[in-house]
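Heads up: the structure comes next, in structure tokens.
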Amino acid sequence: SLVFKFFLRNSQPEKAILEVQAAVYNYDNNLKNWAPKDSGASRVFIFHNPSTNAYRVIGQSTHDKQVRLAEFHFHLAYRDLILVNINTPIKNDLVHKKLRENFVQWRFRDVIYGLSFKTPEDADRFDGMLSKVVERLQG
366 SLVFKFFLRN SQPEKAILEV QAAVYNYDNN LKNWAPKDSG ASRVFIFHNP
416 STNAYRVIGQ STHDKQVRLA EFHFHLAYRD LILVNINTPI KNDLVHKKLR
466 ENFVQWRFRD VIYGLSFKTP EDADRFDGML SKVVERLQG
């Protein structure tokens, strides 16, 4: 499995518990429309850090440059993570919706993220894993 090398003292690396392909969007409130954040395809992961029990969604555009996410180390400056188009924590109050059979959205702070999947099955897998993670965090 893919390991995201997230280095903190006394911390284990994060592990991908889900990987899917999707197009990444942010909702533009001014235009009242979805704005693409990639050129149509990204690798989207749900990561878990077992030592902190933290979860997050990471998206990496597959068309910008062919660099694997695992090659990045979080100690790099944020500006060096230009290939990452989503980096949001999953908290116990995360609200997500499956708007269509192949489209899932959620909000983090003031940003609304949307993922358009190639298949309804991938949308179901992502939506289902988000639900499981939120349930785990709610205890």
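First residue of the sequence shown: 366, per my numbering; consecutive thereafter. Note that CB positions come from ideal geometry on N, CA and C, so glycine has one too.
Separation of residue j from residue i, as counted between CA atoms
i      : j      : result
ARG474 : THR453 : 9 angstroms
TYR443 : VAL449 : Legend: pLDDT at TYR443 = 42, less than 50; position of this residue unreliable, value from coordinates given subsequently. Between TYR443 and VAL449, the C-alpha separation is close to 9 angstroms.
GLU379 : ASN395 : 36 angstroms
LYS456 : LEU502 : 7 angstroms
GLN386 : MET494 : 15 angstroms
ALA435 : GLY405 : Low confidence applies here, because ALA435 scores a pLDDT of 45, under 50, leaving its location unreliable; read the following figure in that light. Each residue's Cα considered, the two are about 21 angstroms apart.
TYR392 : GLY504 : 31 angstroms
ASP492 : LYS397 : 24 angstroms
ALA400 : ASN418 : 32 angstroms
Reference residue i; option with closest CA among the options
i      : options                        : result
ASP487 : PRO378, GLN503, ALA388, TYR420 : ALA388
VAL498 : ASP458, PHE482, GLU466         : ASP458
SER496 : ASN391, LYS397, ILE411         : ILE411
Same chain, Cβ closer than 8 angstroms to residue i, five either side skipped, listed in chain order
i      : result
ILE451 : VAL389, LYS402, SER407, VAL409, VAL422, ILE423, GLY424, TYR478
PHE468 : GLY479, LEU480, SER481, PHE482, ALA488
LEU441 : Below a pLDDT of 50, predicted positions are generally treated as unreliable, and LEU441, at 44, falls in that range; no measurement from the model is reported.
GLU466 : PRO485, ALA488
GLU500 : none
Span of the beta strand (DSSP E) around residue i
i      : result
GLY479 : 476 to 482
LEU396 : Unbroken run through LEU396: none, as it is neither H nor E.
LEU464 : 461 to 465
PRO378 : It is not in any beta strand (DSSP E) - PRO378 carries neither H nor E in the DSSP assignment.
Residues near residue i by beta carbon distance below 7 angstroms, same chain, minus five either side
i      : result
GLN470 : HIS461, LYS462, LEU464, ILE477, TYR478, GLY479
THR427 : ALA406, SER407, ARG408
ARG362 : Here the chain covers residues 366 to 504 and nothing more, so residue 362 does not appear.
SER366 : Residue confidence is low: SER366 scores 41 on pLDDT, short of 50, so the model does not pin down where it sits. No coordinate-derived value is stated.
ARG490 : LEU383, VAL385
Beta-carbon contacts of residue i that lie in its chain and below 6 angstroms, excluding the five residues immediately before and after
i      : result
TYR522 : A query on residue 522 cannot be resolved here, the shown segment of the chain reaching from 366 to 504 and no further.
ILE382 : ILE411, HIS413
For residue i, the first and last residue of its enclosing alpha helix (DSSP H)
i      : result
PRO485 : 485 to 503
Closer than 8 angstroms to chain C by CB, residue i
i      : result
SER496 : Among the chains of the structure shown, chain C does not appear; only one protein chain is present.
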